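Structure, rendered in structure tokens:
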């Protein structure tokens, strides 16, 4: 899939914002609200709500034009396969996405579907401690994203 640089995507959104300032501002505000609501869903361990919020966020990113068609196809296919949620991650140019599975067996199914569509899976588990910053190099897990 075609990948876009962050600079290209920022320029595209800036141009759209100049044409439709009020609407784009509202969409960006909604993204901010989604982030806060997603944080609340994570704290409450409400994965179904988190998935719904991910899907809404992805739809807004598509509307802003920062998701490639190929990338969007993979995400929509994963949602159709039962992912609780899936969305673009990072700048949105097609380089990364996240999908939320119902369980480990379902995660394997989603992984296989994504790989069949050309995606490369980097990590597919949640870790209890999440992201850890440490000066102790013995804690580093090589070739993994946590």
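Residue numbers (the UniProt record's numbering): 1 to 146.
Beta carbons are placed, not taken as given, at the ideal position from N, Cα and C, and that holds for glycine.
A quick note: this is a predicted structure, and the numbers were derived from the prediction, not measured.
In terms of CA proximity to residue 16, 65 leads the group 42, 34, 46 and 65. Residue 18 and residue 27 have their C-alpha atoms some 14 Å from each other. With respect to residue 87, residue 112 sits apart: the two C-beta atoms are not nearer than 8 Å. Taking every protein chain shown into account, the CB of residue 116 has fewer than 16 other CB atoms within 10 angstroms, so this residue is exposed. When secondary structure is reduced to three states using DSSP, residue 84 falls in the coil class, being assigned neither helix nor strand.
Rounded to whole angstroms, the separation of the alpha carbons of residue 22 and residue 34 is 18 Å.
Per DSSP, residue 114 is one residue of the alpha helix (DSSP H) stretching across 104–116. Listed in chain order, the alpha helix (DSSP H) runs fully inside the region 14–71 are 21–43 and 47–63, counting runs of at least 4 residues.
In this structure, 84 is the residue among 84, 11, 121 and 74 with its C-alpha nearest to the C-alpha of residue 48.
The beta-bridge partner set that DSSP reports for residue 98 consists of 87.
Taking every protein chain shown into account, the CB of residue 59 has fewer than 16 other CB atoms within 10 angstroms, so this residue is exposed. Ranked by how close their Cα comes to the Cα of residue 38, the residues 29, 52 and 25 have 52 in first place. Across the structure, residue 32 and residue 40 are spaced so that their CA atoms are roughly 13 Å apart. Relative to the Cα of residue 61, the nearest Cα in the group 9, 100 and 79 belongs to 9.
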